[in-house]
Amino acid sequence: MAQLFFEYGAMASGKSIEILKVAHNYESQGRRVLLLTPLVDDRYGVGKITSRIGLSRPAQVVQPDQDLYATIAAMYVEPPAVVLVDEAQFLSAQQVEQLAYVVDSLDIPVMAFGLKQDAFNHLFEGSQRLIELADKLEEMKTICSFCGKKATTQLRMVDGRPQYEGEQVLIGGDDTYIPTCRYHWYHPVIADRGVEPGE
Ligand SMILES: [Zn+2]
Numbered sequence: 006m007a008q009l010f011f012e013y014g015a016m017a018s019g020k021s022i023e024i025l026k027v028a029h030n031y032e033s034q035g036r037r038v039l040l041l042t043p044l045v046d047d048r049y050g051v052g053k054i055t056s057r058i059g060l061s062r063p064a065q066v067v068q069p070d071q072d073l074y075a076t077i078a079a080m081y082v083e084p085p086a087v088v089l090v091d092e093a094q095f096l097s098a099q100q101v102e103q104l105a106y107v108v109d110s111l112d113i114p115v116m117a118f119g120l121k122q123d124a125f126n127h128l129f130e131g132s133q134r135l136i137e138l139a140d141k142l143e144e145m146k147t148i149c150s151f152c153g154k155k156a157t158t159q160l161r162m163v164d165g166r167p168q169y170e171g172e173q174v175l176i177g178g179d180d181t182y183i184p185t186c187r188y189h190w191y192h193p194v195i196a197d198r199g200v201e202p203g204e
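Heads up, the sequence shown is in the working numbering, so the first residue is 6 and it goes up one at a time.
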């Protein structure tokens, strides 16, 4: 029986490189893969899975209202051996349910990769539904930028300042993210100020 996997981790935990690796493994055995990436911000890199070490490859863009079961069922002539989803936190709850249905009714494994929670430590919609429905959950680990302990979240930085409120997804912003442990999320060591903003 096929299964629904959710591999989650903080920013920079190597999710994209893992997808590219899995895709390569399947393809080297002559098996077809379907790579999906939800449309969030169409400024750049649309339809691409890009890893931090520079590798990238094209992926099919998932529209916000797209029925993923219908999409995959329509590929019945040459069905994929596996469906790989990058940035799966941006799927809707309904799309996650459609993927579960792909697993159960088409017997195609689906591996979703994404962040568990946003920069304010709340679950993303897609991640919540994946945690609820997945057969297997796996945490991909990375380390806190400040202490080297496991990073469980990410801190949003705008103009060098940590952000503790705002939109879940910043479109078009020049925000960056730092993987952190829970403590350093609220107590980042900001060199130029010498203070911990959480205090
Ligand atoms: Zn830390």
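All residues carry an ideal CB built from backbone N, CA and C; glycine is no exception.
If I follow the unbroken alpha helix (DSSP H) through residue i, where does it start and stop?
| i | result |
| --- | --- |
| G165 | Per DSSP, G165 belongs to no alpha helix (DSSP H) and is neither H nor E. |
| L138 | E130 to L138 |
| A78 | L73 to A78 |
| L60 | First-last for L60: undefined, no H or E at that position. |
| Y81 | No alpha helix (DSSP H) contains Y81, which DSSP labels as neither H nor E. |
| H189 | R187 to Y191 |
Locate the beta strand (DSSP E) running through residue i, then write down its first and last residues.
| i | result |
| --- | --- |
| E23 | Unbroken run through E23 is the alpha helix (DSSP H), K20 to S33; no beta strand (DSSP E). |
| V38 | V38 to P43 |
| A98 | It is not in any beta strand (DSSP E) - A98 instead sits in the alpha helix (DSSP H) that spans A98 to Y106. |
| M116 | V115 to G119 |
| P175 | Per the sequence shown, the amino acid found at residue 175 is Leu instead of Pro. Here L175 belongs to no beta strand (DSSP E), and DSSP marks it neither H nor E. |
| L4 | Any question about residue 4 goes unanswered here, given that the chain covers just 6 to 204. |
| E12 | L9 to Y13 |
| I54 | K53 to T55 |
Give the C-beta separation of residue i and residue j to the nearest angstrom, bearing in mind that I take them to be a contact with Cβ-Cβ under 8 Å.
| i | j | result |
| --- | --- | --- |
| W190 | L142 | Between L142 and W190 the Cβ distance is about 22 Å, and since that is not below 8 Å, they are no contact. |
| S110 | G119 | 23 Å between Cβ atoms; not a contact. |
| L205 | V90 | With the chain covering 6 to 204 only, the question about residue 205 has no answer from this structure. |
| T185 | P193 | 7 Å |
| L2 | A139 | Residue 2 cannot be examined here, being either before or after the span of the chain that is shown, 6 to 204. |
| V51 | V66 | 6 Å |
> Closer than 6 Å from C-beta to any heavy atom of ligand 1: which residues, in chain order?
Replying inline: C149, F151, C152, K154, T185, C186, Y188 and H189
>> Between the stretch 159-174 and the stretch 118-132, can you find at least three pairs of beta-carbon atoms closer than 8 Å?
In response: yes
>> Count Cβ pairs between the stretch 99-113 and the stretch 144-162 that sit closer than 8 Å; are there 3 or more?
In response: no
> Is it true that the stretch 51-70 meets the stretch 14-33, where meeting means three or more beta-carbon pairs spaced less than 8 Å apart?
Replying inline: yes
>> Whether or not the stretch 159-167 and the stretch 28-38 are in contact is what I'm after, with contact meaning three or more pairs of Cβ atoms, one per stretch, closer than 8 Å; do they touch?
In response: no
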